[in-house]
Amino acid sequence: MVARVAGVFDEKLTEAIANSKVLVVGAGGIGCEILKNLVLTGFPNIEIIDLDTIDVSNLNRQFLFHKEHVGKSKAQVAKDSALSFNPNVNIVAHHDSVISNEYGVSYFKKFNIVMNALDNRVARNHVNRMCLAADVPLVETGTAGYAGQVELIKKGLTQCYECLPKAPQKSFPGCTIRNTPSEPIHCIVWAKHLFNQLFGEEDPDQNVSPDTADPEAAGDAGASALNAKESETGNVDRKSTRMWAAETNYDPEKLFSKLFGDDIRYLLSMENLWKKRRPPTPLVWDNLPGKDDSPAKHSGLPDQRVWSVSECAQIFATSCKALEADLKSRPDGDHLVWDKDEKSAMDFVTACANVRAYIFNIPLKSRFEIKSMAGNIIPAIATANAIVAGLAVLRAQNILKGNIEDCTSVYLRPKVNHRGQLFVPEKTLTTPNPKCFVCAPKAEVALACNLKQLTLKDLNTALKEGLNMQAPDAAVEGKGLVVLSSEPGETDHNNHKTLEQIGLNDGCALLVDDFLQNFEVRVRLQQEDDEKSWRLVTDMDTPMPEPKEDKPTNGANGSEPKPGPSRPKDDSDSDMEIIEEDEGVETTKPPKRRRIEVSDDIVELC
Amino acid sequence: MVENNEMELSEAEAEQYDRQIRLWGLESQKRLRASKVLVIGLSGLGAEIAKNIILSGVKSVCLLDNEKLRETDQYSQFLAPPDKIGENRAEASLLRARALNPMVDVTSEKKAVDDLPDNFFTEFDIVCATGLKQEQLERINNACRDCNKKFLCGDVWGMFGYMFTDLVDHEYSEEIVQHKAVKRGPDDSDKNARETVTITVKRRAIYVPLQNALSADWSKPELRSRLRRGDPSYFVMKILLRFRDEYNRNPDPAKRKADTEIIFKMRNELVKELNLPAGFVSDAILTDVFGIVSGAAAVMGGVIGQEIVKAVSQREPPHNNMFFFNPVKCVGFVELYGQ
Numbered sequence: 002m003v004a005r006v007a008g009v010f011d012e013k014l015t016e017a018i019a020n021s022k023v024l025v026v027g028a029g030g031i032g033c034e035i036l037k038n039l040v041l042t043g044f045p046n047i048e049i050i051d052l053d054t055i056d057v058s059n060l061n062r063q064f065l066f067h068k069e070h071v072g073k074s075k076a077q078v079a080k081d082s083a084l085s086f087n088p089n090v091n092i093v094a095h096h097d098s099v100i101s102n103e104y105g106v107s108y109f110k111k112f113n114i115v116m117n118a119l120d121n122r123v124a125r126n127h128v129n130r131m132c133l134a135a136d137v138p139l140v141e142t143g144t145a146g147y148a149g150q151v152e153l154i155k156k157g158l159t160q161c162y163e164c165l166p167k168a169p170q171k172s173f174p175g176c177t178i179r180n181t182p183s184e185p186i187h188c189i190v191w192a193k194h195l196f197n198q199l200f201g202e203e204d205p206d207q208n209v210s211p212d213t214a215d216p217e218a219a220g221d222a223g224a225s226a227l228n229a230k231e232s233e234t235g236n237v238d239r240k241s242t243r244m245w246a247a248e249t250n251y252d253p254e255k256l257f258s259k260l261f262g263d264d265i266r267y268l269l270s271m272e273n274l275w276k277k278r279r280p281p282t283p284l285v286w287d288n289l290p291g292k293d294d295s296p297a298k299h300s301g302l303p304d305q306r307v308w309s310v311s312e313c314a315q316i317f318a319t320s321c322k323a324l325e326a327d328l329k330s331r332p333d334g335d336h337l338v339w340d341k342d343e344k345s346a347m348d349f350v351t352a353c354a355n356v357r358a359y360i361f362n363i364p365l366k367s368r369f370e371i372k373s374m375a376g377n378i379i380p381a382i383a384t385a386n387a388i389v390a391g392l393a394v395l396r397a398q399n400i401l402k403g404n405i406e407d408c409t410s411v412y413l414r415p416k417v418n419h420r421g422q423l424f425v426p427e428k429t430l431t432t433p434n435p436k437c438f439v440c441a442p443k444a445e446v447a448l449a450c451n452l453k454q455l456t457l458k459d460l461n462t463a464l465k466e467g468l469n470m471q472a473p474d475a476a477v478e479g480k481g482l483v484v485l486s487s488e489p490g491e492t493d494h495n496n497h498k499t500l501e502q503i504g505l506n507d508g509c510a511l512l513v514d515d516f517l518q519n520f521e522v523r524v525r526l527q528q529e530d531d532e533k534s535w536r537l538v539t540d541m542d543t544p545m546p547e548p549k550e551d552k553p554t555n556g557a558n559g560s561e562p563k564p565g566p567s568r569p570k571d572d573s574d575s576d577m578e579i580i581e582e583d584e585g586v587e588t589t590k591p592p593k594r595r596r597i598e599v600s601d602d603i604v605e606l607c
Numbered sequence: 019m020v021e022n023n024e025m026e027l028s029e030a031e032a033e034q035y036d037r038q039i040r041l042w043g044l045e046s047q048k049r050l051r052a053s054k055v056l057v058i059g060l061s062g063l064g065a066e067i068a069k070n071i072i073l074s075g076v077k078s079v080c081l082l083d084n085e086k087l088r089e090t091d092q093y094s095q096f097l098a099p100p101d102k103i104g105e106n107r108a109e110a111s112l113l114r115a116r117a118l119n120p121m122v123d124v125t126s127e128k129k130a131v132d133d134l135p136d137n138f139f140t141e142f143d144i145v146c147a148t149g150l151k152q153e154q155l156e157r158i159n160n161a162c163r164d165c166n167k168k169f170l171c172g173d174v175w176g177m178f179g180y181m182f183t184d185l186v187d188h189e190y191s192e193e194i195v196q197h198k199a200v201k202r203g204p205d206d207s208d209k210n211a212r213e214t215v216t217i218t219v220k221r222r223a224i225y226v227p228l229q230n231a232l233s234a235d236w237s238k239p240e241l242r243s244r245l246r247r248g249d250p251s252y253f254v255m256k257i258l259l260r261f262r263d264e265y266n267r268n269p270d271p272a273k274r275k276a277d278t279e280i281i282f283k284m285r286n287e288l289v290k291e292l293n294l295p296a297g298f299v300s301d302a303i304l305t306d307v308f309g310i311v312s313g314a315a316a317v318m319g320g321v322i323g324q325e326i327v328k329a330v331s332q333r334e335p336p337h338n339n340m341f342f343f344n345p346v347k348c349v350g351f352v353e354l355y356g357q
């Protein structure tokens, strides 16, 4: 007995629900709500997948979880709670990543509908491809703060998740970060880079020292006056920051004097930079602003208060020591991974960002505010998730009833539009992009690279990072020669060879496929002598992802699939689109959309 | 109005409410923590509303209902366990409601609305009523009004829903994003250097009581012109409130066929009475009005819950004064009636 009360729905829908199988991907804010609605409505067969565990900050909206569940599997606890609403339904819970061989195309084919309640692009892309391959309708959902959306994705009928290029990652020029910050976020990015330089995975692109190759500083004679040796890349050569710090035994005072004294004086010597800017003020360790303040009776939470520079220096010292101890306790060669929820790591970034902000005359921020920016936290509330999940299940009912063509995208707006609408449905389904490299019948993309330099290993990275594949196989079109195999070891011996060395040249095409995603794409090779790395080119009007966009950041509270380029793991159901309408103008065209995403670690361009 | 008591949040509160404080700020959270809410009617909609405001971290929530838990409630009422059918709905919901957030004081009251004096309702900062007759709604609304207390009501029939709000004379703050020219240094000649700043402005909104909104005069040209928008939701609400008043119940899933006929008949009468265009209130929107569909309860409970949060935290413009969810078009919109 499934539809527990006859007469609520008409017979057709009652019957369709009774025979349905639904997969819910994600048991977070929206996933909990969707599961509740499905169970109450009497959907008899439900599977739910989530690899995450429950955190305290989930409890303001993920109502199937309570304090005693913190640390447990979201999927399992969600199942148990939901069964108490209706013990007659059958729920299978998977504490697992959806990106796994376990959940192949035949698995997806078991379901009438798949409902996405995810918080990251990698998993969304993957489920999108699985549903296209299995030809199962996908109801894709997301919220960010007060706003949200519900979209139907159906092969051949609607746009797929990857039909439109996503907004590029937020990025700042490296010289802004290293030389001329003007906003708090510039200092925060610098502080996170400093963390990695000192304790984390060293990345040459995250240099924190003055950048003498700054085009704005060109012609500066002053720079060399400090008789620093300059390397070809324009970095002041000082071994590695890490080695230097280790040699000084991570002495907080020495570190401070170098970072916030010497380096700032060096920047000041690059006079061109300060012709139109207020020059920075170097700091001296034992004479810091706020030093003589009496220990104020601070009311409220320390997180909410803006610390004085002197307090920042103290916290810099204690967090440095704590992080150093943590690093030393690990096996040789291991490193720390920055995590917003790790106290010392967050203290360190707050202190460093604020000291640097003070130097450059930028407003200081509270630890609470810096955590939002450094950790890319998307605010999340119960009500928006409830609305989006409610709309999603109503849409799912309509799909089961056979009215799939009516299931246009619906947007929950943060405020009503000029017509007073808070939930705005699109008038028509958005048709697939014929040039989409994922869902078009003849999917194609060009790879611009220097074939003389790009190695087979780089090609593998390009396919994984750029095309979001999990386990690509590549064969030369027309020859059938396998150049890249997803079988471990099969083509590894060629990894270091360049594409030219294995006989690939300009205009060659590779047939690349991902067995797991059941996804095949033709990749044309395009020789570009100047291309240092690689770049994907499609006929879609905005650039494709490029290398280095996906910097692995904190994997600590990772809620999502491990394979693939890692993303910052936040527990919000974000990644959304919002309709932007011209106020007061009636429009018959589908309104322009803008996607808001969890932005990854900030990318530097210079 | 809700006083913002200056007590700071505890670490535990800051941790649990982190993701919402990042949206509406610390001040709003403190105001929420000081507010007392009454939820009348523990149907699926009442359960959704209660869940959302308990999660938000208000001071207290009282669940008021004199009805017994029925089998039809099981379609949407997740606070009352299935084995409590026949027990009082508010009491049956208490345990799960409390488990949602132990920091909120949740109580129940099983007296009938008509047996409670006006001053029972005005003890609360805000009253949210569901499942009542028009006369009962108006009585409570007016009692609240007289004490400058805020009132909301709403219902879900099948997949259709509405909400009405009377926040009397409501002051709130709103964040507005402005673009401001900036000068980064003494010789900065870049005229286009701008930064966005968010400023907070104080605003005020005046509301009308429920009877005004429900007796809107459709012969007036300004209301007549609304018909061009083509949405019949206001009339669907009128028909279903009349059905409840007349039959002392909601349309019954077990009598789907017979009740549909009554509803169509009442529709025809209303169309005649207000001189509406033929076919304006379609059969389609009147077919799925049985029971409470979980998805629709979630949608309306989300909207109403958010309005309660806005009202007591005095932040962001609340809807003035009616919201409708039309499930045929999947559209949700706000209209002002009775002013």
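Chains as they are written, first to last, in the numbering used here: chain A, 2 to 607; chain B, 19 to 357. Ideal placement from N, C-alpha and C gives every residue a C-beta, glycine not left out. A quick note: this is a predicted structure, and the numbers were derived from the prediction, not measured.
Beta-carbon proximity of A:Asn-46 to A:Lys-75, cut-off 7 Å: Taking the first residue of the first sequence as 1, we reach residue 46 of chain A at position 45. Taking the first residue of the first sequence as 1, we reach residue 75 of chain A at position 74. The answer is no: Cβ separation not under 7 Å.
For B:Gly-176, the residue or residues it bridges with in DSSP: In the second sequence, counting from the first residue as 1, residue 176 of chain B sits at position 158. Note: B:Gly-176 sits in a beta bridge opposite B:Ile-310.
Endpoints, the beta strand (DSSP E) within which A:His-187 is located: Here residue 187 of chain A refers to the residue found at position 186 of the first sequence. Counting along the chain, A:His-187 falls outside any beta strand (DSSP E), though it belongs to the alpha helix (DSSP H) covering 185-199.
Residues of its chain near B:Pro-336, where Cβ-Cβ distance is below 8 Å and the 5 sequence neighbours each way are ignored: The residue given as residue 336 of chain B occupies position 318 in the second sequence. So the qualifying residues of the chain are Thr-183, Leu-185, His-188, Tyr-190, Ala-223, Glu-325, Lys-328, Ala-329.
Whether A:Thr-142 touches A:Val-151 by CB criterion (7 Å): Reading the first sequence from its first residue, position 141 is the one you call residue 142 of chain A. Reading the first sequence from its first residue, position 150 is the one you call residue 151 of chain A. The answer is yes: Cβ separation under 7 Å.
Three-state class that DSSP yields for A:Pro-253 in the structure shown: Taking the first sequence and counting its residues from 1, one reaches residue 253 of chain A at position 252. Helix at A:Pro-253.
Contacts around A:Ala-224, its chain only, beta-carbon distance under 6 Å, and the 5 residues preceding and following it disregarded: For this step, residue 224 of chain A is matched to residue 223 along the first sequence. Confidence is the limiting factor: at A:Ala-224 the pLDDT is only 46, short of 50, which leaves the residue's position unreliable and the question unanswerable from this model.
7 Å CB neighbourhood of A:Lys-498 in its chain, flanking five on each side removed: Mapped onto the first sequence, residue 498 of chain A falls at position 497. Here the set comprises Thr-456, Leu-457.
A:Gln-207 and A:His-194 closer than 7 Å at C-beta: Within the first sequence, the letter at position 206 stands for residue 207 of chain A. Within the first sequence, the letter at position 193 stands for residue 194 of chain A. Yes. Within cutoff.
A:Ser-386, enclosing alpha helix (DSSP H) - first and last residue: Here residue 386 of chain A refers to the residue found at position 385 of the first sequence. Before going on, a small fix: residue 386 of chain A reads as Asn here, not Ser. First-last of the alpha helix (DSSP H) with A:Asn-386: 383-401.
Which residues DSSP lists as bridging A:Met-116, in chain order: For the purposes of this step, residue 116 of chain A is taken as residue 115 along the first sequence, with counting starting at 1. According to DSSP, A:Met-116 bridges with A:Val-25, A:Val-140.
Presumed contact (8 Å Cβ cut-off) between A:Leu-365 and A:Val-417, rounded CB distance: For the purposes of this step, residue 365 of chain A is taken as the residue at position 364 of the first sequence. For the purposes of this step, residue 417 of chain A is taken as the residue at position 416 of the first sequence. That belief does not hold up - the Cβ atoms of A:Leu-365 and A:Val-417 are roughly 36 Å apart, past 8 Å.
At least 3 beta-carbon pairs within less than 8 Å: the region 525-533 of chain A vs the region 444-452 of chain A: yes
Assigned secondary structure, A:Lys-458 (DSSP; H/G/I helix, E/B strand, else coil): Counted from its first residue, the first sequence places residue 458 of chain A at position 457. Of the three classes helix, strand and coil, the one that applies to A:Lys-458 here is helix, per DSSP.
Runs of beta strand (DSSP E) wholly within the region 276-357 of chain B (minimum 3 residues, chain order): 340-344, 349-353
Any 3 or more C-beta pairs closer than 8 Å across the region 70-80 of chain B and the region 388-399 of chain A: no
The region 502-512 of chain A touching the region 422-431 of chain A, judged by at least three CB pairs closer than 8 Å: no
Residues near B:Ser-53 by beta carbon distance below 6 Å, same chain, minus five either side: As a first step, residue 53 of chain B must be located in the second sequence, where it is residue number 35. Val-20, Val-76, Lys-77, Asp-143, Val-330.
Residue from A:Leu-260, A:Phe-10, A:Asn-59 with nearest C-alpha to B:Pro-271: Translated into positions along the second sequence, residue 271 of chain B becomes position 253. Looking at the Cα atoms, A:Phe-10 is the closest of the given residues.
CB contact below 7 Å: B:Ser-111 versus chain A: Here the question's residue 111 of chain B lines up with position 93 in the second sequence. No, because no Cβ of chain A sits closer than 7 Å to the Cβ of B:Ser-111.
A:Lys-549 versus A:Leu-139: straight-line alpha-carbon distance, rounded: What you label residue 549 of chain A is simply residue 548 of the first sequence in a count that begins at 1. What you label residue 139 of chain A is simply residue 138 of the first sequence in a count that begins at 1. The predicted position of A:Lys-549 is uncertain, since its pLDDT is 44 and thus under 50; a value taken from the coordinates is nonetheless stated next. Straight-line Cα distance between these residues: approximately 30 Å.
Chain A contacts from the region 38-52 of chain B (Cβ-Cβ distance under 7 Å): Gln-38, Arg-40, Leu-41, Leu-44
Cross-chain neighbours of B:Phe-282 in chain C, by beta carbon under 9 Å: Protein chains A and B are contained in the structure displayed, whereas chain C is not.
B:Asp-277 versus B:Pro-269 - alpha carbon distance: Counting from one through the second sequence, the residue named residue 277 of chain B turns up at place 259. Counting from one through the second sequence, the residue named residue 269 of chain B turns up at place 251. In a straight line, the C-alpha of B:Asp-277 is about 6 Å away from that of B:Pro-269.
Short Cβ contact (7 Å threshold) for B:Val-174 with B:Glu-192: Looking up residue 174 of chain B in the second sequence gives position 156. Looking up residue 192 of chain B in the second sequence gives position 174. Contact: no.
From A:Ser-311, A:Gly-467, A:Phe-261, A:Asn-250, residue whose alpha carbon lies closest to that of A:Ala-323: Position 322 of the first sequence, counted from the start, is the residue given in the question as residue 323 of chain A. With distances taken between Cα atoms, A:Ala-323 lies closest to A:Asn-250.
From A:Trp-191, A:Gln-422, A:Asn-129, A:Val-99, residue whose alpha carbon lies closest to that of A:Ile-371: Counting from 1 along the first sequence, the entry for residue 371 of chain A is found at position 370. Measuring from the Cα of A:Ile-371, the nearest candidate turns out to be A:Trp-191.
Selection of the region 32-63 of chain A by Cβ proximity to chain B, strictly under 7 Å: Glu-34, Lys-37, Asn-38, Leu-41, Thr-42, Val-57, Ser-58, Leu-60, Asn-61, Arg-62
Test: A:Thr-431 CB closer than 7 Å to a CB of chain B: Position 430 of the first sequence holds residue 431 of chain A. Answer no: the Cβ-Cβ gap between A:Thr-431 and chain B never drops below 7 Å.
C-alpha distance - B:Met-181 paired with A:Asp-136, whole-angstrom precision: Mapped onto the second sequence, residue 181 of chain B falls at position 163. Mapped onto the first sequence, residue 136 of chain A falls at position 135. Each residue's Cα considered, the two are about 39 Å apart.
DSSP-derived helix/strand/coil call for B:Trp-42: By one-based count along the second sequence, residue 42 of chain B stands at place 24. DSSP places B:Trp-42 in helix when its eight states are reduced to three.
Candidates A:Ile-50, A:Phe-86, A:Val-123: closest to A:Phe-109 by CA position: One-based indexing of the first sequence puts residue 109 of chain A at position 108. Checked all of A:Ile-50, A:Phe-86, A:Val-123; the closest Cα to A:Phe-109 is A:Ile-50.
Simplified DSSP state of B:Ser-233, which is helix, strand or coil: By one-based count along the second sequence, residue 233 of chain B stands at place 215. Of the three classes helix, strand and coil, the one that applies to B:Ser-233 here is coil, per DSSP.
3 or more residues per run - each beta strand (DSSP E) lying fully within the region 440-506 of chain A: 445-450, 473-477, 483-485
Spatial distance of B:Val-352 from A:Tyr-359 (CA atoms): Stepping through the second sequence from its first residue, residue 352 of chain B is reached at position 334. Stepping through the first sequence from its first residue, residue 359 of chain A is reached at position 358. If you take the alpha carbons of B:Val-352 and A:Tyr-359, they lie about 46 Å apart.
Cβ neighbour criterion (16 or more within 10 Å) applied to B:Lys-48: As a position in the second sequence, residue 48 of chain B is number 30, starting the count at 1. Buried is the call here.
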